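Numbering-wise, the sequence shown is residues 1 to 137 according to my numbering. The structure appears right after this line, and notes come after that.
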Amino acid sequence: MVSAAGSSDVLGLPLFLELGVARTDFASLGQNYHHNHYLFALGAEWFPTRGTTRLGLRFGLGAYGELETVETDPPSPGGGGWVETVVPGLVLERDLGGGRRVVVRLADSILGPWFAVLDPAEYGVEHRFLFVLGIRF
């Protein structure tokens with residue numbers, strides 16, 4: 001997943017906005033499937049440890065989209081859609097100097113918790129585990 005995230009202190013609360021996109025391709029039974037994945041999350045992060053290396057917690061709410069295309073002749077939309085998501089995670093940062101930090105983030109996109117609570121017989125919860133390695137400027 002290619003992800004862009006921004007964070008800023010708003011009224012003393014460190015908030016973040018994350019946008020992500022990914023694509024998976026695979027073949028099955030002579031057909032090619034393409035899955036496009038989208039993630040949008042808004043939340044807060046907290047770093048109880050400070051210094052050169054710091055460990056933090058993140059919690060966000062957002063939406064996750066998965067749209068599938070099946071290559072047939074003619075091409076067929078396979079389906080998919082959007083679902084609400086809760087995104088808890090751990091963040092480890094290490095100072096590189098010059099205002100840059102290397103970031104390792106482990107997160108779980110928990111898909112569909114709202115509908116799973118409202119109608120557990122019909123809906124379930126799915127997970128999309130994320131491992132993010134990046135640079136914070």
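Yeah, the Cβ is synthetic: ideal placement off N, Cα and C, and Gly gets one too. Since we're looking at a predicted model, the values are computed, not measured.
DSSP beta-bridge partners of residue i
| i | result |
| --- | --- |
| Ala-116 | Answer is none; Ala-116 lacks a bridge partner. |
| Thr-85 | Gly-62 and Leu-111 |
| Ala-27 | Asn-32 |
| Gly-97 | Arg-100 |
| Gly-150 | The chain is shown only over 1 to 137; residue 150 falls outside these bounds and no answer can be derived. |
| Glu-45 | Arg-58 |
| Leu-39 | Gly-20 and Tyr-64 |
| Arg-155 | Lying before the first or after the last residue shown, residue 155 is absent from the chain, which here runs from 1 to 137. |
Cβ-based burial, residue i [other Cβ within 10 Å; buried from 16]
| i | result |
| --- | --- |
| Glu-122 | exposed |
| Thr-85 | buried |
| Ser-8 | exposed |
| Ala-27 | exposed |
| Arg-58 | buried |
| Val-87 | buried |
| Leu-111 | buried |
| Arg-50 | exposed |
| Arg-105 | buried |
| Gly-20 | buried |
Proximity to residue i [Cα-Cα], best of the options
| i | options | result |
| --- | --- | --- |
| Val-83 | Ala-63, Leu-106 and Arg-105 | Ala-63 |
| Thr-24 | Gly-30, Ala-5 and Met-1 | Met-1 |
| Ser-60 | Ile-135, Gly-6 and Arg-94 | The sequence as given places Gly at residue 60; Ser does not occur at that position. The candidate whose alpha carbon is nearest that of Gly-60 is Gly-6. |
| Phe-129 | Pro-48, Gly-80 and Leu-39 | Leu-39 |
| Gly-134 | His-127, Val-117, Tyr-33 and Arg-100 | Arg-100 |
| Phe-131 | Thr-52, Gly-79 and Val-91 | Val-91 |
| Ala-4 | Val-103, Gly-56 and Asp-119 | Val-103 |
| Ala-107 | Gly-89, Arg-136 and Val-117 | Gly-89 |
| Gly-80 | Phe-137, Leu-29, Ser-109 and Asn-36 | Asn-36 |
Residue i Cβ short of 7 Å to the ligand GTP heavy atom set
| i | result |
| --- | --- |
| Phe-16 | With respect to small molecules bound, the structure shown includes none, and the ligand GTP cannot be examined in it. |
The stretch 10-17 in contact with the stretch 28-48 per 3-pair CB rule at 8 Å: yes
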